[in-house]
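This report concerns only the one structure given below.
Number of protein chains: 2
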Amino acid sequence: MTTPMLTKNQSLVFDILTKAEAPLSAYTILDKLRDQGFRAPLQVYRALDKLLEYGVVHRLESINSFVACAHPHEDCHSHGLVAFAICESCGQVIEFHDDEVDHRLMDWLKSQKFKAEKSTIEIRGHCANCAA
Amino acid sequence: MTTPMLTKNQSLVFDILTKAEAPLSAYTILDKLRDQGFRAPLQVYRALDKLLEYGVVHRLESINSFVACAHPHEDCHSHGLVAFAICESCGQVIEFHDDEVDHRLMDWLKSQKFKAEKSTIEIRGHCANCAA
DNA sequence: ATCAATTGCGTTATGCTATAACGTGTGCGA
DNA sequence: TCGCACACGTTATAGCATAACGCAATTGAT
Ligand SMILES: [Zn+2]
Ligand SMILES: [Zn+2]
Ligand SMILES: [Zn+2]
Ligand SMILES: [Zn+2]
Numbered sequence: 205m206t207t208p209m210l211t212k213n214q215s216l217v218f219d220i221l222t223k224a225e226a227p228l229s230a231y232t233i234l235d236k237l238r239d240q241g242f243r244a245p246l247q248v249y250r251a252l253d254k255l256l257e258y259g260v261v262h263r264l265e266s267i268n269s270f271v272a273c274a275h276p277h278e279d280c281h282s283h284g285l286v287a288f289a290i291c292e293s294c295g296q297v298i299e300f301h302d303d304e305v306d307h308r309l310m311d312w313l314k315s316q317k318f319k320a321e322k323s324t325i326e327i328r329g330h331c332a333n334c335a336a
Numbered sequence: 205m206t207t208p209m210l211t212k213n214q215s216l217v218f219d220i221l222t223k224a225e226a227p228l229s230a231y232t233i234l235d236k237l238r239d240q241g242f243r244a245p246l247q248v249y250r251a252l253d254k255l256l257e258y259g260v261v262h263r264l265e266s267i268n269s270f271v272a273c274a275h276p277h278e279d280c281h282s283h284g285l286v287a288f289a290i291c292e293s294c295g296q297v298i299e300f301h302d303d304e305v306d307h308r309l310m311d312w313l314k315s316q317k318f319k320a321e322k323s324t325i326e327i328r329g330h331c332a333n334c335a336a
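Protein chains in written order, with my numbering: chain A, 205 to 336; chain Z, 205 to 336.
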């Protein structure tokens, strides 16, 4: 997917996520954007929907939060499954891809005649810095 | 983990999940148990917490719902990562495990010195029956 | 030029998901 | 008997997400 010009609201949300060092919830984003005129959750969610569609933002299902894609110049949709390691101490997220994991999962799904549409791979734990 | 005797509330919740053909949200469970005296969400969440701890129920993060473990006689905690294929049409969930996927992910995490604690692997799409 | 369709935006209200905080009762070992 | 752990019940609140309305700007036929 080629990313169109972002609207004002989309840019504001994307910038916040790009600068953030950890995933942000929609309501946290809202709070950070009140000074720029944001008043309601929908303004955030609508921007997020588009950013997700364009593939420049990912949603972390296990923590109801959002992060900017760590590989902005590739197309995250194109290299198959995306996985995340999420540190529960510092919030840092490492986004990664593994072809072997992709193929194994895809093969299994194929064997079940299951038509995959969206995938979630999230590992929560502690990053190298935070592991005691 | 060896599963202790379930309390009344835990049994009620577990039975509902076992009989269900699709994952249930906590509030859906609550509604189904009103006749047995359930009145508040906490009654459900507290039972679910224990059932999750015992490993006899899984939480599906991507749809905020819960399912009974499909492998009640094994210990789901013991065979590494658990993955789910979730049909968005009929709600059917297929729970599966793949050692190869486990090892690849674990190796990657190890290479990053990331200490994994909880994992989520969920594929949403359409099952063989529902795929057009 | 005009009309219709699309898209983004703002606002209010609502619904769904999850937990905090308090108190009760029961069983069990010190 | 005392203290503790645990399950339970209830009320209130916090956190996450969407429905439904209307308005404005854009685009692209006709
Ligand atoms: Zn990405
Ligand atoms: Zn960390
Ligand atoms: Zn299981
Ligand atoms: Zn199906």
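No residue lacks a Cβ here, since even glycine has one placed at the ideal position from N, Cα and C.
- What residues of chain A sit near Z:C331, judged by a beta carbon separation below 7 angstroms? The contacting residues are F318.
- Message: Can you tell me whether Z:Q338 sits near ligand 2, meaning its C-beta is under 6 angstroms from at least one heavy atom of the ligand?
- Response: No answer is possible for residue 338 of chain Z: the residues shown for chain Z start at 205 and end at 336.
- Query: Would you report the Cα separation of Z:A335 and A:P276, rounded to the nearest angstrom?
  - Reply: Separation of Z:A335 and A:P276 (C-alpha to C-alpha, rounded to the nearest whole angstrom) is 32 angstroms.
- Just mark Z:L246 as buried or exposed, buried being the case when its beta carbon has 16 or more other beta carbons within 10 Å. So Z:L246 counts as exposed.
- Do the stretch 226-236 of chain A and the stretch 263-272 of chain A touch if we need at least three Cβ pairs shorter than 8 angstroms? yes
- Look at the Cβ atom of Z:V297, then the Cβ atom of Z:A251, and state whether they are nearer than 7 angstroms. no
- Message: Can you determine whether any heavy atom of ligand 4 sits closer than 6 angstroms to the C-beta of Z:S266, and answer yes or no?
- Response: Not so, every heavy atom of ligand 4 lies at least 6 angstroms from the Cβ.
- Task: Kindly indicate if chain Z contains any beta-carbon less than 7 angstroms away from that of A:A337.
- Result: Outside the modelled stretch of chain A, which goes from 205 to 336, sits residue 337 of chain A, for which no answer is possible.
- So, are the CB atoms of Z:E321 and A:R328 less than 7 angstroms apart? yes
- Query: Mapping DSSP to helix, strand and coil, what is A:K319?
  - Reply: strand
- Query: According to DSSP, is A:H307 helix, strand or coil?
  - Reply: helix
- Looking at C-alpha atoms only, which residue of Z:L221, Z:E257, Z:S266, Z:N213 is the closest neighbour of Z:A244? Nearest Cα to Z:A244 within the set Z:L221, Z:E257, Z:S266, Z:N213: Z:N213.
- Message: Going by C-alpha to C-alpha distance, which of Z:L313, Z:E278, Z:V305 sits closest to A:M310?
- Response: Each of Z:L313, Z:E278, Z:V305 was checked against the Cα of A:M310, and the nearest Cα belongs to Z:V305.
- Message: Let's see if you can read the secondary structure: which residues bound the beta strand (DSSP E) around Z:V271?
- Response: 269-272
- Query: In terms of residues, what are the limits of the beta strand (DSSP E) holding A:A289?
  - Reply: 287-291
- Query: Using a Cβ-Cβ cut-off of 8 angstroms (strictly less than) and excluding sequence neighbours within five positions of A:T207, which residues of its own chain qualify?
  - Reply: Y258, G259, V260
- Under the rule that 16 or more other beta-carbon atoms within 10 Å means buried, what is Z:K236, buried or exposed? Buried, since its Cβ has 16 or more Cβ neighbours within 10 Å.
- Item | Residue nearest to Z:I267 in terms of C-alpha spacing, selected from A:A287, A:N333, A:F318, A:T324 | A:T324
- Query: Among A:K317, A:C291, A:L210, which one has its Cα closest to the Cα of A:D253?
  - Reply: A:L210
- Message: Is Z:S293 close to ligand 4? I mean its beta-carbon at under 6 angstroms from any heavy atom of the ligand.
- Response: yes
- Any chance the CB of A:E257 is under 6 angstroms from a heavy atom of ligand 1? A:E257: no, Cβ never under 6 angstroms from ligand 1.
- Query: Name the DSSP beta bridge partners of Z:F300, please?
  - Reply: Z:A287
- Task: Starting from the C-beta of Z:A289, find all residues in its chain whose C-beta is less than 6 angstroms away, skip the five residues before and the five after it, and write them out in chain order.
- Result: I298, I327
- Message: Just to confirm my understanding: we take Z:Y231, look at its own chain, exclude 5 residues before and 5 after, and list those with CB closer than 8 angstroms. What are they?
- Response: P245, V248
- Message: Along the stretch 258-281 of chain A, where does the CB come closer than 7 angstroms to a CB of chain Z? Name the residues.
- Response: E265, S266
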